[in-house]
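In this note's numbering, the protein residues as written are 15 to 367. Input: a single structure, listed below in structure tokens.
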């Protein structure tokens with residue numbers, strides 16, 4: 015079992031960049047949880063147009079999976095039985111992959127340690143002072159025109175990419191995203207959807223935000239936000255000493271395991287270069303979070319891909335450098351070959367050429 019901590023080192027500073035003066039965007043929140051419409055036949059998908067490093071002279075299609083586990087403290091994750099996260103962190107989940115991780119990353123420091131502002135930042139790469147969301151109440155008021163969802167940036171740069179955005183917390187629908195498929199659902203059903211997306215058996219003509227997915231469509235980039243860990247923490251406590259909380263983390267690890275099994279089972283897996291990024295929005299103390307306590311701000315960050323080489327540093331509070339949860343977006347964009355917008359001040363932990 016990994017310790018989820020490494021020796022501190024310096025990354026890039028996260029001073030806010032000046033943002034364009036644009037009006038804020040408000041989106042109606044869909045609070046309905048839709049039912050799963052996946053079915054059972056297999057179909058391999060097309061490779062993305064982006065190419066990564068080569069193996070034996072053959073180009074590999076770049077693929078991206080970003081998973082956020084809501085409200086997971088790194089010390090609790092170190093206590094829980096998490097074979098999937100451990101295998102990702104050390105790169106042993108698939109041959110030819112590397113991994114890097116730290117249990118000493120950080121949330122936003124210019125907003126409350128709650129889901130709203132941190133979700134915005136994870137999905138856009140912008141900090142609170144940029145997107146304008148500092149609390150859960152302000153989620154529909156974030157500036158998506160100036161600071162779009164990273165999947166929207168992918169779609170804009172390469173419209174042929176197959177992109178999917180799935181989440182459990184209903185307010186996430188208020189963060190605009192032009193991904194091909196958007197779905198608000200439960201943790202188990204969204205996990206099943208991701209598995210079916212990966213094996214080519216999924217279809218849904220009634221996704222959230224007027225989206226749809228066609229059976230056998232190519233899969234290039236997936237974002238998944240699982241929420242049950244946070245709900246369990248609010249009910250029983252955010253602590254490595256709370257068995258219910260540990261069980262929720264272990265359930266999320268198992269769900270992630272089923273997704274990685276589906277990734278490895280793809281007929282085209284040997285021709286693909288997947289990057290997997292996993293992080294969280296905040297920790298917690300007692301049955302709550304939102305303050306500036308260490309247990310609320312200290313989080314984990316991990317990245318795995320064939321290109322990962324070298325350790326991931328800890329966050330350094332003196333220099334305000336090192337992994338933050340809003341580094342998920344630039345890390346994924348860099349892997350997919352997309353130039354980062356100037357407003358992104360965080361780091362890309364692509365850790366490869």
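The beta carbon of each residue, even a glycine, is placed where N, CA and C say it ideally should be. All figures in this text were calculated on a predicted structure; none of them were measured in a lab.
Neighbourhood of residue 365 by C-beta, 7 Å cutoff - its chain only, sequence neighbours within 5 removed: One-based indexing of the chain shown puts residue 365 at position 351. So the list reads 114, 317, 321, 322, 323, 324, once near-sequence residues are dropped.
Helix, strand or coil for residue 200, going by three-state DSSP, please let me know. Here residue 200 refers to the residue found at position 186 when the chain shown is read from its first residue. Residue 200 falls in the coil class under three-state DSSP.
Backbone CA spacing between residue 368 and residue 197 [nearest angstrom]: Residue coverage of the chain in this structure runs from 15 to 367, which leaves residue 368 outside it and unanswerable.
Is the closest heavy atom of the ligand ZN to the C-beta of residue 284 under 7 Å? The ligand content of the structure shown is nil, which means the ligand ZN is not present either.
Closest to residue 182 by CA distance: which of 243, 164, 290, 168 is it? Counting from one through the chain shown, the residue named residue 182 turns up at place 168. Nearest C-alpha to residue 182: 243.
Within a Cβ cutoff of 7 Å, which residues of the same chain sit near residue 259, ignoring the five residues on either side of it in sequence? Locating residue 259 in the chain shown gives position 245, counting from the first residue. Counting only Cβ-Cβ distances below 7 Å, and skipping sequence neighbours, we find 90, 246, 247, 250, 251, 252, 253.
Let me know the alpha helix (DSSP H) ranges lying completely inside the stretch 160 to 204, each 4 residues or longer, listed in chain order. 164 to 171
Among 83, 288, 223, nearest to residue 74 - alpha-carbon criterion: For the purposes of this step, residue 74 is identified with residue 60 of the chain shown, where counting begins at 1. It is 288 whose Cα lies nearest to the Cα of residue 74.
Can you grab the Cα-Cα spacing for the pair residue 187 / residue 223, in whole Å? Position 173 of the chain shown holds residue 187. Position 209 of the chain shown holds residue 223. So the two alpha carbons sit approximately 8 Å from each other.
Which term fits residue 130, buried or exposed, when burial requires 16 or more other beta carbons within 10 angstroms of its beta carbon? The residue labelled residue 130 in the question sits at position 116 within the chain shown. Flag for residue 130 reads buried.
Euclidean distance between Cα positions of residue 264 and residue 212: Counting from 1 along the chain shown, the entry for residue 264 is found at position 250. Counting from 1 along the chain shown, the entry for residue 212 is found at position 198. Distance between the alpha carbons of residue 264 and residue 212: 22 Å.
Element boundaries [alpha helix (DSSP H), containing residue 72]: By 1-based counting over the chain shown, the position of residue 72 is 58. Careful: residue 72 lies outside any alpha helix (DSSP H), inside the beta strand (DSSP E) at 72 to 83.
Return the chain-ordered list of same chain residues with a C-beta closer than 6 Å to the C-beta of residue 271, the five sequence neighbours on each side being excluded. Locating residue 271 in the chain shown gives position 257, where the first residue counts as 1. Cβ within range, chain order: 98.
Classify residue 246 as helix, strand or coil using the three-state DSSP reduction. If you number the chain shown from 1, residue 246 lands on position 232. If DSSP states are grouped into helix, strand and coil, residue 246 belongs with the helices.
In angstroms with no decimal places, state the Cα-to-Cα distance between residue 39 and residue 159. Residue mapping note: residue 39 aligns to position 25 of the chain shown, counting from 1. Residue mapping note: residue 159 aligns to position 145 of the chain shown, counting from 1. Caution is warranted here: a pLDDT of 33 is assigned to residue 39, below 50, making its placement in the model unreliable, and the coordinate value is therefore given only provisionally. Their Cα atoms are separated by approximately 7 Å.
Tell me whether the beta-carbon of residue 276 lies closer than 8 Å to the beta-carbon of residue 240. By 1-based counting over the chain shown, the position of residue 276 is 262. By 1-based counting over the chain shown, the position of residue 240 is 226. Going by C-beta atoms, residue 276 is not nearer than 8 Å to residue 240.
For residue 299, write down the residues that DSSP places opposite it in a beta bridge. By one-based count along the chain shown, residue 299 stands at place 285. Residue 299 pairs with 302.
Would you tell me roughly how many angstroms separate the C-alpha atoms of residue 128 and residue 185, rounded to the nearest one? Numbered from 1 along the chain shown, position 114 holds the residue referred to as residue 128. Numbered from 1 along the chain shown, position 171 holds the residue referred to as residue 185. Computed Cα separation, rounded: 12 Å.
Please name the residue in 156, 359, 319, 201 whose C-alpha comes closest to that of residue 349. One-based indexing of the chain shown puts residue 349 at position 335. Closest by alpha carbon: 319.
So what does residue 293 bridge to, in DSSP terms? To locate residue 293, count along the chain shown from 1; it is residue 279. 82, 315, per the DSSP bridge assignment.
Ignoring anything shorter than 4 residues or poking outside the stretch 101 to 135, list the alpha helix (DSSP H) runs there in chain order. none
Can you give the Cα-Cα distance for residue 301 and residue 332, rounded to whole angstroms? As a position in the chain shown, residue 301 is number 287, starting the count at 1. As a position in the chain shown, residue 332 is number 318, starting the count at 1. Whole-angstrom Cα-Cα distance: 29 Å.
Give a yes or no on contact between the stretch 354 to 364 and the stretch 298 to 313, applying the rule of three or more CB pairs nearer than 8 Å. no
Burial state of residue 88 (16 or more Cβ within 10 Å): Position 74 of the chain shown, counted from the first residue, corresponds to residue 88. By the neighbour-count rule (16 or more Cβ atoms within 10 Å), residue 88 is buried.
Sub-8 Å separation of residue 341 and residue 315 beta-carbons: Your numbering for residue 341 matches position 327 in the chain shown. Your numbering for residue 315 matches position 301 in the chain shown. Yes; because the gap between Cβ atoms is below 8 Å, this pair is in contact.
Just to check my reading of the structure: residue 226 and residue 195 have Cβ atoms closer than 8 Å, yes? What is that Cβ distance to the nearest angstrom? Position 212 of the chain shown, counted from the first residue, corresponds to residue 226. Position 181 of the chain shown, counted from the first residue, corresponds to residue 195. Contact flag correct, Cβ pair sits at about 7 Å.
Does the separation of the CB atoms of residue 286 and residue 77 fall below 8 Å? Start at 1 with the first residue of the chain shown, and residue 286 comes out as number 272. Start at 1 with the first residue of the chain shown, and residue 77 comes out as number 63. Yes, the Cβ-Cβ distance between residue 286 and residue 77 is below 8 Å.
Which residues does DSSP list as the beta-bridge partners of residue 236? Taking the first residue of the chain shown as position 1, residue 236 is located at position 222. 79, 178.
With DSSP as the reference, label residue 286 as helix, strand or coil. Here residue 286 is taken as the residue at index 272 of the chain shown, counted from 1. Reduced to three states, the DSSP call for residue 286 is strand.
Could you spell out the range, first to last residue, of the alpha helix (DSSP H) harbouring residue 258? Within the chain shown, the letter at position 244 stands for residue 258. That run of the alpha helix (DSSP H) goes 257 to 278.
Express the C-alpha separation of residue 255 and residue 229 in angstroms, rounding to a whole number. Stepping through the chain shown from its first residue, residue 229 is reached at position 215. Stepping through the chain shown from its first residue, residue 255 is reached at position 241. Residue 229 and residue 255: Cα-Cα distance of roughly 44 Å.
According to DSSP, simplified to helix, strand and coil, what is residue 218? Taking the chain shown and counting its residues from 1, one reaches residue 218 at position 204. The answer is strand: DSSP assigns residue 218 an E or B state.
Give the DSSP bridge partners of residue 1, in chain order. The chain is shown only over 15 to 367; residue 1 falls outside these bounds and no answer can be derived.
On a Cα-Cα basis, can you pick out the residue from 346, 363, 344, 347 that is closest to residue 329? As a working mapping, residue 329 is identified with position 315 in the chain shown. When only C-alpha atoms are compared, the closest one is 363.
Considering only the alpha carbon of each residue, which of 214, 154, 281 lies closest to residue 133? The residue labelled residue 133 in the question sits at position 119 within the chain shown. With distances taken between Cα atoms, residue 133 lies closest to 154.
Between residue 238 and residue 193, is the Cβ-Cβ spacing less than 8 Å? Taking the first residue of the chain shown as 1, we reach residue 238 at position 224. Taking the first residue of the chain shown as 1, we reach residue 193 at position 179. Cβ atoms of residue 238 and residue 193: not closer than 8 Å.
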